[in-house]
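In the working numbering, the protein residues as written are -1 to 120. Positions of the beta carbon are idealized from the N, C-alpha and C atoms, including for glycine.
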């Protein structure tokens, strides 16, 4: 993860760590995972969460809700989901609800992020 975080993202994280420390930990685990999978990823605040992009194309973002964190995938409808974990019925986006930063949930995030990054290479 980059040591330099832009101000809006830092403000979001600062608020989250105070208001919802458990969700802060999930968001940070997701950010770490995304940066490990794609070191060239960019991030910015958008839609009230952190959006990730590779080569200027959005792959998705992480958002804090009342009872969970969701990882939204921009082209989620194209992702393989044999365990039927992704939710959403919109035209393109799908999301994964995260209630813990446990290994199982992070492995699911990792698999979907890997697919999302690969979609951009096609």
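Top-ranked residue by Cα proximity to residue 105, from 62, 85 and 32: Measuring from the Cα of residue 105, the nearest candidate turns out to be 32.
message = Check for me: the alpha helix (DSSP H) holding residue 5 runs from which residue to which?
response = Under the DSSP assignment, residue 5 falls in the alpha helix (DSSP H) whose first and last residues are 5 to 17.
> Can you give the Cα-Cα distance for residue 110 and residue 2, rounded to whole angstroms?
Replying inline: The alpha-carbon atoms of residue 110 and residue 2 are separated by roughly 26 Å.
Check your understanding: Exposed or buried, which one is residue 27 when buried takes at least 16 other CB atoms within 10 Å?
Key -> Within 10 angstroms of the beta-carbon of residue 27 lie 16 or more other beta-carbons, which makes it buried.
Spatial distance of residue 108 from residue 5 (CA atoms): Here the alpha carbon of residue 108 sits roughly 26 Å from the alpha carbon of residue 5.
Quick one: grab the DSSP three-state call for residue 106.
Three-state result, residue 106: helix.
- prompt: Can we count residue 27 as close to the ligand NAP, meaning its CB is less than 8 Å from some heavy atom?
  reply: This structure does not include the ligand NAP; it has no bound ligands of any sort.
* Asked: Of the residues 65, 38 and 89, which one's Cα is nearest the Cα of residue 52?
  -> The residue among 65, 38 and 89 with its C-alpha nearest the C-alpha of residue 52 is 38.
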